[in-house]
Structures are given as C-alpha cells and as structure tokens.
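For the sequence shown, position 17 matches number 17 in our numbering, and the numbering has no gaps at all. For every residue, glycine included, the Cβ atom is placed at its ideal position computed from N, Cα and C. Notes follow once the structure below has been shown.
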Amino acid sequence: MATRDVAQRFIEALHRLEGQGDVEPLVEIFSDDCTLSNAASHHLVRGRDDVRRFWREYRGSFSEIRSNFRNRIESEGRVALEWRAEGTSPDGSTFAYDGVSILEFDGDRVKRFHAYFDPRHLGHQLYGRHA
C-alpha cells in the first residue's frame, strides 16, 4: 500500500474517532510493535493496547474536536501531516491549536507516530493556565 493511502486511512480513522468516538479503525492502522508519543507527554506508548488507551484518553479530553489537515509531506515510508485542531473543552470553552504529526510506516501499518505542538498553548486555552 502506498504511503499516501496509509496516510489517508489514518486521517479518515482519526476523523471517525473525533466525530463518532470509534477508536478501533485508528488502532487497526498501527502495527503490533508500534510506538506513539507527543509533545505533551514524556511517556512513550508501545503496542496496540496502549495506542488504544492513548486515543481513547485523547478523545475523552474534549467535548468536541475536529482536525483539519492542510499539508502533507510524503516520502517512501513516511509522512508529515500539518494540522489544526479545533473544538470545545469539557467546560464548553473553544480552543484551536496547530501542529505536525510524523508517521513512519512498516508496509500498510503505522510503526511510529509523534505529534509536535505547543502543549502550553493548548493547556492555556483549555484550563486558563499553562499546562
């Protein structure tokens, strides 16, 4: 499967999680021995069970969220996705934050995922303080 196709599957699965709360299509895209991390956490997520837990917790952090992807940079086995996420927090306040996610593939599965964004900016919007 081409890098472009796997990246598109990731985007569609993320939108399904955001809109419907269904985590399984997203988990299925990750390999059994994958790693996942982001700028807000010092914890490295390993394996599909932890990936499932991560994405459930991510979705549970917001009342509503929608990621809009505005740029893709693709190479063989890797893609960088530039995005803006907007939504509402559990208390009803609105937020928006920008970032870039790097996905590395092993065939048709995500082997490594890392998201870069400013967690202080998001924390300030969600909680009125720096996270």
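- Less than 8 Å separates the beta-carbon of Gly87 from that of Arg66.
- Burial check for Gly99: the Cβ neighbour count within 10 Å reaches 16 or more, so the residue is buried.
- Nearest to Trp55 by alpha-carbon distance, out of Tyr97, Phe30, Arg72 and Phe117, is Phe30.
- Here the stretch 64-84 lies against the stretch 100-111, with 3 or more beta-carbon pairs under 8 Å apart.
- Taking C-beta atoms under 8 Å as the contact rule, Val51 and Leu36 qualify, at a distance of about 6 Å.
- Shortest Cα-Cα distance from Pro90 to any of Arg59, Trp83, Glu12 and Arg84 involves Arg59.
- Residues of the same chain with a CB within less than 7 Å of the CB of Glu64, apart from the 5 flanking positions on each side, are Gly87 and Thr88 in chain order.
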